[in-house]
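To convert, count from 1 in the sequence shown and add 27; that's the working numbering. Each residue gets a CB set at the ideal place from its N, CA and C atoms; glycine is no exception. This structure is a prediction, so every number in the text was calculated from the model and none was measured. Data block below; observations after.
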Amino acid sequence: MKLKEVNFINDYNYILFSKYLSDYQWINDGKYNDIFTVWHRKEDEYFDYEIVIPEKKEIRCLERTLQEALRVLAVFYKKTVSSIIDDYYSISNDLIKLQIKSENTKNGLIPLNEGVRLIENTKEMLTASFLAAKKYKKNYIGQRPQPVNELLDKVDLGQTEEGSFVLNIFLPNNYYEDETPLLIPEESFSRKALKIFTEASKELTDKAIIYAQTSDINIFHESFKRGVSSNLCSSIVEISANGTNDVNIDIVYNNGLEVDEVVESVSFTKELIPIIQKVADYYKKDLLEEDFEIIGYVTKLHQEIEEEKGEITLSCLLEEKLKKVKMILNEEQYLIAQEAHKNKKLLACRGTLNMFDRSTILSDVTSVLIEENEL
(Lines of atoms letter the chains of each structure in order from A; the text may use other names.)
(Lines give C-alpha, C1' and ligand atoms only; values in the text may rest on other atoms or scores of the structure.)
Protein backbone atom coordinates (compact mmCIF):
# COMPACT_ATOMS: atom_id res chain seq x y z
CA MET A 28 0.00 0.00 0.00
CA LYS A 29 1.35 3.41 -0.99
CA LEU A 30 2.15 6.09 1.57
CA LYS A 31 -0.63 8.35 0.25
CA GLU A 32 -3.21 5.62 0.97
CA VAL A 33 -1.74 4.99 4.42
CA ASN A 34 -2.04 8.70 5.27
CA PHE A 35 -5.61 8.81 3.94
CA ILE A 36 -6.62 5.87 6.16
CA ASN A 37 -4.86 7.33 9.20
CA ASP A 38 -6.58 10.69 8.63
CA TYR A 39 -9.99 9.18 7.87
CA ASN A 40 -12.94 11.27 9.03
CA TYR A 41 -16.44 9.96 8.37
CA ILE A 42 -18.11 13.38 8.34
CA LEU A 43 -15.63 14.83 5.84
CA PHE A 44 -15.64 11.79 3.57
CA SER A 45 -19.44 11.53 3.56
CA LYS A 46 -19.63 15.22 2.64
CA TYR A 47 -17.17 14.55 -0.17
CA LEU A 48 -19.42 11.80 -1.53
CA SER A 49 -22.51 13.99 -1.19
CA ASP A 50 -20.82 16.81 -3.08
CA TYR A 51 -20.38 14.41 -6.00
CA GLN A 52 -24.04 13.35 -5.90
CA TRP A 53 -23.58 9.99 -4.20
CA ILE A 54 -26.68 9.01 -2.20
CA ASN A 55 -26.58 7.68 1.36
CA ASP A 56 -28.91 4.65 1.31
CA GLY A 57 -28.69 4.00 5.04
CA LYS A 58 -26.77 1.97 7.58
CA TYR A 59 -25.39 -1.53 7.39
CA ASN A 60 -24.71 -3.49 10.61
CA ASP A 61 -24.94 -0.22 12.57
CA ILE A 62 -21.30 0.40 11.68
CA PHE A 63 -21.25 1.34 7.99
CA THR A 64 -23.22 3.53 5.61
CA VAL A 65 -23.90 2.40 2.06
CA TRP A 66 -23.71 4.83 -0.86
CA HIS A 67 -24.99 4.52 -4.45
CA ARG A 68 -25.35 6.70 -7.50
CA LYS A 69 -28.74 8.29 -8.08
CA GLU A 70 -28.63 7.39 -11.79
CA ASP A 71 -30.25 4.01 -12.52
CA GLU A 72 -27.55 2.97 -14.99
CA TYR A 73 -24.84 3.43 -12.33
CA PHE A 74 -26.70 1.95 -9.35
CA ASP A 75 -24.41 -1.11 -9.31
CA TYR A 76 -21.57 1.10 -8.10
CA GLU A 77 -21.61 0.74 -4.32
CA ILE A 78 -19.44 2.39 -1.70
CA VAL A 79 -19.40 1.25 1.91
CA ILE A 80 -17.69 3.44 4.50
CA PRO A 81 -17.39 3.07 8.29
CA GLU A 82 -18.84 5.66 10.64
CA LYS A 83 -15.96 5.10 13.07
CA LYS A 84 -12.27 4.38 12.69
CA GLU A 85 -12.22 1.81 15.47
CA ILE A 86 -13.03 -1.28 13.38
CA ARG A 87 -10.87 -4.20 12.35
CA CYS A 88 -11.54 -3.93 8.63
CA LEU A 89 -10.96 -0.16 8.34
CA GLU A 90 -8.04 -0.48 5.94
CA ARG A 91 -9.71 -2.99 3.62
CA THR A 92 -13.04 -1.10 3.60
CA LEU A 93 -11.50 2.25 2.72
CA GLN A 94 -9.25 0.74 0.07
CA GLU A 95 -12.32 -0.76 -1.60
CA ALA A 96 -14.16 2.59 -1.41
CA LEU A 97 -11.23 4.33 -3.10
CA ARG A 98 -11.08 1.59 -5.74
CA VAL A 99 -14.77 2.02 -6.62
CA LEU A 100 -14.34 5.79 -6.93
CA ALA A 101 -11.27 5.33 -9.13
CA VAL A 102 -13.13 2.94 -11.45
CA PHE A 103 -16.23 5.13 -11.64
CA TYR A 104 -14.34 8.32 -12.47
CA LYS A 105 -11.63 6.56 -14.54
CA LYS A 106 -8.94 8.04 -12.31
CA THR A 107 -6.13 6.58 -10.23
CA VAL A 108 -6.57 6.03 -6.51
CA SER A 109 -3.88 8.66 -6.01
CA SER A 110 -5.95 11.19 -8.00
CA ILE A 111 -9.02 10.42 -5.89
CA ILE A 112 -7.09 11.05 -2.68
CA ASP A 113 -5.63 14.28 -4.08
CA ASP A 114 -9.09 15.45 -5.05
CA TYR A 115 -10.48 14.59 -1.61
CA TYR A 116 -7.88 16.81 0.03
CA SER A 117 -8.05 19.62 -2.51
CA ILE A 118 -11.59 19.68 -3.92
CA SER A 119 -11.98 23.27 -2.74
CA ASN A 120 -8.49 24.37 -3.78
CA ASP A 121 -6.97 25.67 -6.99
CA LEU A 122 -3.24 25.23 -7.41
CA ILE A 123 -0.37 27.47 -8.48
CA LYS A 124 2.85 25.62 -9.28
CA LEU A 125 5.78 28.00 -9.34
CA GLN A 126 9.08 26.62 -10.62
CA ILE A 127 12.45 28.34 -10.35
CA LYS A 128 15.09 27.24 -12.86
CA SER A 129 18.75 28.23 -12.61
CA GLU A 130 22.16 26.82 -11.78
CA ASN A 131 21.37 27.42 -8.09
CA THR A 132 18.23 25.27 -8.00
CA LYS A 133 19.38 21.85 -9.14
CA ASN A 134 18.18 18.67 -7.39
CA GLY A 135 15.41 20.48 -5.53
CA LEU A 136 17.78 22.68 -3.52
CA ILE A 137 17.90 26.46 -3.32
CA PRO A 138 20.18 28.82 -1.34
CA LEU A 139 18.52 29.83 1.92
CA ASN A 140 18.42 33.57 1.19
CA GLU A 141 16.91 32.95 -2.24
CA GLY A 142 14.33 30.61 -0.70
CA VAL A 143 13.24 33.22 1.84
CA ARG A 144 13.01 35.87 -0.87
CA LEU A 145 11.06 33.47 -3.08
CA ILE A 146 8.37 32.76 -0.48
CA GLU A 147 8.04 36.39 0.62
CA ASN A 148 7.63 37.66 -2.93
CA THR A 149 5.32 34.84 -3.96
CA LYS A 150 3.02 36.15 -1.25
CA GLU A 151 3.38 39.70 -2.62
CA MET A 152 2.67 38.44 -6.15
CA LEU A 153 -0.60 36.86 -5.03
CA THR A 154 -1.49 39.89 -2.93
CA ALA A 155 -1.22 42.13 -6.00
CA SER A 156 -3.86 40.03 -7.77
CA PHE A 157 -6.09 39.88 -4.69
CA LEU A 158 -5.97 43.69 -4.56
CA ALA A 159 -6.72 43.91 -8.28
CA ALA A 160 -9.85 41.84 -7.65
CA LYS A 161 -11.03 44.74 -5.48
CA LYS A 162 -9.93 47.51 -7.85
CA TYR A 163 -7.57 47.77 -10.83
CA LYS A 164 -4.71 50.16 -10.08
CA LYS A 165 -1.15 50.74 -11.25
CA ASN A 166 0.19 50.80 -7.70
CA TYR A 167 -1.02 49.48 -4.35
CA ILE A 168 0.23 51.07 -1.15
CA GLY A 169 -1.05 51.30 2.38
CA GLN A 170 -3.26 48.93 4.33
CA ARG A 171 -4.82 45.91 2.65
CA PRO A 172 -8.61 45.44 2.71
CA GLN A 173 -9.92 42.81 5.12
CA PRO A 174 -10.97 40.30 2.39
CA VAL A 175 -7.41 40.33 1.02
CA ASN A 176 -5.90 39.56 4.43
CA GLU A 177 -8.51 36.87 5.11
CA LEU A 178 -7.79 35.16 1.80
CA LEU A 179 -4.03 35.31 2.39
CA ASP A 180 -4.59 33.53 5.70
CA LYS A 181 -6.32 30.69 3.84
CA VAL A 182 -3.55 30.09 1.28
CA ASP A 183 -1.45 26.97 1.94
CA LEU A 184 2.11 26.26 0.86
CA GLY A 185 2.82 22.68 -0.24
CA GLN A 186 6.05 20.73 -0.49
CA THR A 187 8.47 21.18 -3.36
CA GLU A 188 8.49 18.40 -5.92
CA GLU A 189 11.21 15.80 -6.12
CA GLY A 190 14.03 16.60 -8.55
CA SER A 191 13.27 20.31 -8.95
CA PHE A 192 12.39 23.36 -6.88
CA VAL A 193 8.65 23.81 -7.32
CA LEU A 194 6.42 25.67 -4.88
CA ASN A 195 2.90 24.28 -4.66
CA ILE A 196 0.49 27.00 -3.54
CA PHE A 197 -3.05 25.91 -2.69
CA LEU A 198 -5.62 28.65 -3.03
CA PRO A 199 -9.22 28.10 -1.85
CA ASN A 200 -11.59 28.53 -4.78
CA ASN A 201 -14.68 29.01 -2.61
CA TYR A 202 -13.78 32.14 -0.62
CA TYR A 203 -16.39 34.92 -0.84
CA GLU A 204 -16.05 38.42 0.58
CA ASP A 205 -19.34 37.92 2.39
CA GLU A 206 -21.10 34.66 3.09
CA THR A 207 -21.35 32.19 0.24
CA PRO A 208 -24.38 33.20 -1.86
CA LEU A 209 -27.22 30.71 -1.61
CA LEU A 210 -29.71 31.85 -4.23
CA ILE A 211 -27.77 33.47 -7.06
CA PRO A 212 -24.68 31.68 -8.43
CA GLU A 213 -21.73 34.02 -8.16
CA GLU A 214 -18.04 33.67 -8.87
CA SER A 215 -16.03 33.53 -5.66
CA PHE A 216 -13.60 36.32 -4.78
CA SER A 217 -10.69 33.86 -4.75
CA ARG A 218 -11.50 32.43 -8.20
CA LYS A 219 -11.92 35.95 -9.59
CA ALA A 220 -8.50 36.90 -8.15
CA LEU A 221 -6.86 33.82 -9.66
CA LYS A 222 -8.30 34.61 -13.09
CA ILE A 223 -6.94 38.15 -12.78
CA PHE A 224 -3.52 36.73 -11.87
CA THR A 225 -3.63 34.50 -14.96
CA GLU A 226 -4.72 37.33 -17.25
CA ALA A 227 -2.19 39.79 -15.81
CA SER A 228 0.69 37.32 -16.16
CA LYS A 229 -0.16 36.63 -19.80
CA GLU A 230 -0.62 40.33 -20.50
CA LEU A 231 2.79 41.03 -18.99
CA THR A 232 4.65 38.37 -20.98
CA ASP A 233 2.88 39.14 -24.26
CA LYS A 234 3.54 42.88 -24.02
CA ALA A 235 7.12 42.33 -22.82
CA ILE A 236 7.86 40.35 -25.99
CA ILE A 237 6.45 43.22 -28.08
CA TYR A 238 8.47 45.76 -26.07
CA ALA A 239 11.66 43.79 -26.78
CA GLN A 240 11.06 44.53 -30.47
CA THR A 241 9.71 48.09 -30.28
CA SER A 242 11.13 49.61 -27.04
CA ASP A 243 7.80 51.44 -26.64
CA ILE A 244 6.95 51.46 -22.93
CA ASN A 245 3.58 53.07 -23.68
CA ILE A 246 2.18 49.69 -24.77
CA PHE A 247 1.81 48.96 -21.03
CA HIS A 248 -0.24 52.12 -20.41
CA GLU A 249 -3.58 50.26 -20.23
CA SER A 250 -2.23 46.94 -18.92
CA PHE A 251 -3.23 47.80 -15.34
CA LYS A 252 -6.85 47.28 -16.45
CA ARG A 253 -5.95 43.59 -16.87
CA GLY A 254 -4.37 43.27 -13.43
CA VAL A 255 -0.78 44.36 -14.10
CA SER A 256 0.62 46.58 -11.33
CA SER A 257 4.01 47.77 -10.12
CA ASN A 258 3.54 45.42 -7.15
CA LEU A 259 3.06 42.40 -9.41
CA CYS A 260 6.05 43.36 -11.55
CA SER A 261 8.36 43.99 -8.59
CA SER A 262 7.47 40.66 -6.97
CA ILE A 263 8.18 38.74 -10.20
CA VAL A 264 11.55 40.50 -10.52
CA GLU A 265 12.40 39.51 -6.94
CA ILE A 266 11.23 35.91 -7.44
CA SER A 267 13.60 35.67 -10.41
CA ALA A 268 16.44 36.97 -8.20
CA ASN A 269 16.69 40.02 -10.46
CA GLY A 270 16.94 37.99 -13.65
CA THR A 271 19.08 35.14 -12.35
CA ASN A 272 16.27 32.57 -12.58
CA ASP A 273 13.62 31.64 -15.10
CA VAL A 274 10.18 31.56 -13.49
CA ASN A 275 7.62 29.05 -14.79
CA ILE A 276 4.07 29.15 -13.44
CA ASP A 277 1.26 26.63 -13.91
CA ILE A 278 -2.18 27.73 -12.73
CA VAL A 279 -4.46 24.74 -12.18
CA TYR A 280 -8.19 25.41 -11.92
CA ASN A 281 -9.71 22.53 -9.97
CA ASN A 282 -13.26 21.94 -11.16
CA GLY A 283 -13.70 18.57 -9.45
CA LEU A 284 -13.49 14.99 -10.66
CA GLU A 285 -16.39 15.29 -13.07
CA VAL A 286 -14.83 18.13 -15.07
CA ASP A 287 -11.31 18.16 -16.46
CA GLU A 288 -9.00 20.56 -14.68
CA VAL A 289 -7.91 23.63 -16.63
CA VAL A 290 -4.19 24.41 -16.66
CA GLU A 291 -2.80 27.79 -17.74
CA SER A 292 0.97 28.17 -18.09
CA VAL A 293 3.11 31.32 -18.06
CA SER A 294 6.90 31.65 -18.28
CA PHE A 295 8.95 34.66 -17.24
CA THR A 296 12.35 34.02 -18.79
CA LYS A 297 15.51 35.77 -17.59
CA GLU A 298 15.48 37.88 -20.75
CA LEU A 299 12.07 39.38 -19.88
CA ILE A 300 12.91 40.38 -16.30
CA PRO A 301 14.66 43.72 -17.13
CA ILE A 302 11.58 44.70 -19.16
CA ILE A 303 9.26 43.80 -16.28
CA GLN A 304 11.39 46.01 -14.02
CA LYS A 305 10.93 48.86 -16.51
CA VAL A 306 7.15 48.37 -16.29
CA ALA A 307 7.31 48.61 -12.49
CA ASP A 308 9.30 51.85 -12.73
CA TYR A 309 6.96 53.19 -15.43
CA TYR A 310 3.90 52.64 -13.25
CA LYS A 311 5.54 54.09 -10.15
CA LYS A 312 6.02 57.38 -11.99
CA ASP A 313 2.25 57.74 -11.87
CA LEU A 314 1.79 56.82 -8.22
CA LEU A 315 -1.13 58.69 -6.71
CA GLU A 316 -3.34 57.61 -3.81
CA GLU A 317 -6.32 59.67 -2.66
CA ASP A 318 -7.58 59.85 0.93
CA PHE A 319 -4.34 58.33 2.19
CA GLU A 320 -3.11 58.58 5.78
CA ILE A 321 0.53 58.73 6.75
CA ILE A 322 1.90 58.72 10.30
CA GLY A 323 5.36 59.86 11.29
CA TYR A 324 7.53 62.46 12.97
CA VAL A 325 7.90 66.08 11.86
CA THR A 326 11.53 66.58 10.84
CA LYS A 327 11.29 70.02 9.24
CA LEU A 328 9.09 73.13 9.59
CA HIS A 329 9.10 76.18 7.32
CA GLN A 330 6.77 79.20 7.27
CA GLU A 331 7.40 82.50 5.53
CA ILE A 332 6.96 85.68 7.54
CA GLU A 333 3.36 86.95 7.48
CA GLU A 334 2.23 83.75 5.71
CA GLU A 335 -0.59 81.68 7.19
CA LYS A 336 0.35 78.49 5.39
CA GLY A 337 3.47 76.53 6.20
CA GLU A 338 5.43 73.60 4.81
CA ILE A 339 6.47 70.56 6.86
CA THR A 340 8.39 67.37 6.18
CA LEU A 341 7.12 64.17 7.77
CA SER A 342 9.41 61.15 8.12
CA CYS A 343 7.32 57.97 7.79
CA LEU A 344 7.29 54.41 6.46
CA LEU A 345 5.88 53.83 2.98
CA GLU A 346 6.15 50.44 1.29
CA GLU A 347 8.36 49.40 4.21
CA LYS A 348 10.87 52.15 3.38
CA LEU A 349 11.56 55.36 5.28
CA LYS A 350 10.34 58.33 3.23
CA LYS A 351 10.41 62.07 3.77
CA VAL A 352 7.02 63.45 2.74
CA LYS A 353 6.51 67.17 2.14
CA MET A 354 3.16 68.92 2.47
CA ILE A 355 1.63 72.41 2.66
CA LEU A 356 -0.64 73.00 5.69
CA ASN A 357 -3.10 75.76 6.52
CA GLU A 358 -2.61 77.89 9.62
CA GLU A 359 -4.51 75.61 12.00
CA GLN A 360 -2.87 72.45 10.68
CA TYR A 361 0.59 74.03 10.85
CA LEU A 362 0.12 74.93 14.53
CA ILE A 363 -0.74 71.27 15.27
CA ALA A 364 2.41 70.18 13.41
CA GLN A 365 4.49 72.64 15.44
CA GLU A 366 3.13 71.18 18.67
CA ALA A 367 3.87 67.62 17.52
CA HIS A 368 7.43 68.61 16.62
CA LYS A 369 7.96 70.41 19.93
CA ASN A 370 6.74 67.46 22.01
CA LYS A 371 8.25 64.80 19.72
CA LYS A 372 4.84 63.27 19.05
CA LEU A 373 3.68 61.28 16.07
CA LEU A 374 1.60 63.21 13.55
CA ALA A 375 -1.16 61.66 11.39
CA CYS A 376 -1.87 63.47 8.13
CA ARG A 377 -4.48 62.57 5.52
CA GLY A 378 -4.58 63.73 1.90
CA THR A 379 -3.57 62.75 -1.64
CA LEU A 380 -0.22 60.97 -1.76
CA ASN A 381 1.96 61.62 -4.81
CA MET A 382 5.13 59.53 -5.14
CA PHE A 383 7.64 60.65 -7.76
CA ASP A 384 11.12 59.39 -8.65
CA ARG A 385 12.94 61.58 -6.15
CA SER A 386 10.25 63.11 -3.97
CA THR A 387 7.01 62.30 -2.17
CA ILE A 388 4.29 64.89 -1.58
CA LEU A 389 1.01 64.84 0.34
CA SER A 390 -1.34 67.33 -1.32
CA ASP A 391 -4.90 68.46 -0.56
CA VAL A 392 -4.39 67.74 3.15
CA THR A 393 -7.76 67.22 4.85
CA SER A 394 -6.75 66.40 8.43
CA VAL A 395 -3.77 66.71 10.76
CA LEU A 396 -3.89 65.04 14.18
CA ILE A 397 -1.41 64.31 16.95
CA GLU A 398 -1.18 60.61 17.75
CA GLU A 399 -1.13 59.94 21.48
CA ASN A 400 -0.01 56.33 21.09
CA GLU A 401 3.41 55.45 19.77
CA LEU A 402 3.70 53.09 16.78
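Counted within 10 angstroms of its Cβ, other Cβ atoms place residue i as buried (16 or more) or exposed
i, result
"Gly254", "buried"
"Gly169", "exposed"
"Ser390", "exposed"
"Asn407", "Outside the displayed range of the chain (28 to 402) lies residue 407, so it cannot be described from this structure."
"Cys343", "buried"
"Asp121", "buried"
"Ile137", "buried"
"Ala268", "buried"
"Met28", "exposed"
Beta-carbon proximity check, residue i vs residue j, cutoff 9 angstroms
i, j, result
"Val306", "Leu374", "no"
"Phe383", "Lys327", "no"
"Asn201", "Ser117", "no"
"Phe63", "Ile80", "yes"
"Asn281", "Gln126", "no"
"Ile244", "Leu194", "no"
"Ala220", "Phe157", "yes"
"Lys124", "Asp277", "yes"
"Leu314", "Leu380", "yes"
C-alpha distance - residue i paired with residue j, whole-angstrom precision
i, j, result
"Lys164", "Leu231", "15 angstroms"
"His67", "Leu100", "11 angstroms"
"Glu90", "Lys348", "56 angstroms"
"Glu398", "Asn370", "11 angstroms"
"Lys353", "Leu396", "16 angstroms"
"Ile332", "Phe319", "30 angstroms"
"Ala159", "Glu72", "46 angstroms"
"Asp56", "Ser109", "26 angstroms"
"Gly323", "Thr149", "29 angstroms"
"Val289", "Ile388", "46 angstroms"
"Ala367", "Gln360", "11 angstroms"
"Asn400", "Lys372", "9 angstroms"
"Glu298", "Thr241", "15 angstroms"
"Ile263", "Phe44", "39 angstroms"
"Ile78", "Thr154", "42 angstroms"
Start-to-end residues for the beta strand (DSSP E) that takes in residue i
i, result
"Ala375", "373 to 382"
C-beta neighbour in chain C for residue i, strict 9 angstroms
i, result
"Arg144", "Absent here is chain C; the protein component of the structure consists of one chain."
Enclosing alpha helix (DSSP H) for residue i [first to last residue]
i, result
"His368", "358 to 369"
"Arg68", "Looking at the DSSP string, Arg68 is not in any alpha helix (DSSP H); the run it does join, the beta strand (DSSP E), is 63 to 68."
Contact the stretch 291 to 304 vs the stretch 233 to 249: 3+ CB pairs below 8 angstroms: Judged by pairs of C-beta atoms under 8 angstroms, the stretch 291 to 304 touches the stretch 233 to 249, as three or more such pairs exist.
Would you call the stretch 254 to 270 and the stretch 213 to 227 touching, i.e. three or more CB-CB distances under 8 angstroms? Judged by Cβ distances under 8 angstroms, the stretch 254 to 270 makes contact with the stretch 213 to 227, as three or more pairs qualify.
Three-pair Cβ contact test at 8 angstroms for the stretch 80 to 96 versus the stretch 31 to 42: The stretch 80 to 96 vs the stretch 31 to 42: in contact.
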